[in-house]
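In what follows, a structure is listed as structure tokens, so that the remarks can point back to it.
Shown next, in the form of structure tokens:
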């Protein structure tokens, strides 16, 4: 099997390691880097995957998955520049960072694939969008599709769309969590115990998501099916529109898109 090193074993890095193991990769085919020794011991004990240095990862792995914070990318790329073997595939999970940055800082011809995952990767339900850099081949994309497919669904998009993807699905879980939090608070306001409100709303969210995924119906059609004339739901929808919830979501997602683009510009790419 392809040997894979995850550079940065935070929550997303760990989730990918776990998913790859579940998908059939052996512990000997995987490795990771992590700056904290206690975290290294924890992950090795949990998964049987070895911790290595960046130099060790570059020497042994055919694929390097970069899962560090965007602000930590510059020293890592400087280190990798002197270590990378020809043909090593670099997979970036860093929000906002374009493939051109990696191609500029790493040896000429390095294949790079940019990925925007999201945190449902932690439960095997990620939505990941992948884009090829200048030197990545269809075979490289197929491999990354397989890797990310072990922890959710994968969609291929032009890299020009990645800032929009980051704003929509990369940050998307936070918007749902925000809405669920507000709805639970509303249940408390209406006199329900917190645990009761949480159970009602969380299962409603799970059920609504399943209907969206499985029915093939447009969200408007599903919403209209709940909205009876002069009923409770239409009164609630009127209040949401009156308070500009739709416009607020549009503005919020635009702001997230702009911040993603700003992260790329910070590296003069």
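Numbering (this note's numbering), first residue to last: 25 to 293. Note that the Cβ used here is the ideal one computed from N, Cα and C, for glycine as well. All figures in this text were calculated on a predicted structure; none of them were measured in a lab.
- For residue 200, the closest alpha carbon among the candidates 139, 76, 253, 277 is that of 277.
- A residue is called buried when at least 16 other Cβ atoms come within 10 angstroms of its Cβ; residue 60 does not meet this threshold and is exposed.
- A contact between stretches requires three or more CB pairs, one per stretch, nearer than 8 angstroms, and the segment 263 to 270 fails this requirement with the segment 169 to 184.
- At least 7 angstroms separates the beta-carbon of residue 152 from that of residue 137.
- A direct Cα-to-Cα measurement between residue 84 and residue 148 gives close to 27 angstroms.
- When secondary structure is reduced to three states using DSSP, residue 113 falls in the strand class.
- Taking 7 angstroms as the cut-off, the Cβ atoms of residue 115 and residue 78 do not count as close.
- If you draw a straight line from the Cα of residue 66 to the Cα of residue 170, it comes to about 27 angstroms.
- In the DSSP assignment, residue 57 falls within the unbroken beta strand (DSSP E) covering 54 to 57.
- From the listed residues 48, 219, 32, 228, the smallest Cα separation to residue 117 is found for 32.
- It is roughly 35 angstroms from the alpha-carbon of residue 231 to the alpha-carbon of residue 156.
- In chain order, 218, 221 place their CB closer than 7 angstroms to the CB of residue 212, counting only its own chain and leaving out the 5 sequence neighbours on each side.
- When 96, 75, 120 are compared, the shortest CA-CA separation from residue 188 is found for 120.
- By the Cβ-count criterion, residue 240 is exposed, with fewer than 16 other Cβ atoms from all chains shown falling within 10 Å of its own Cβ.
- Contact between residue 197 and residue 142 holds, with the beta-carbon distance rounding to 6 angstroms and staying under 8 angstroms.
- Measuring C-alpha to C-alpha distances from residue 103 to each of 82, 44, 75 identifies 82 as the nearest.
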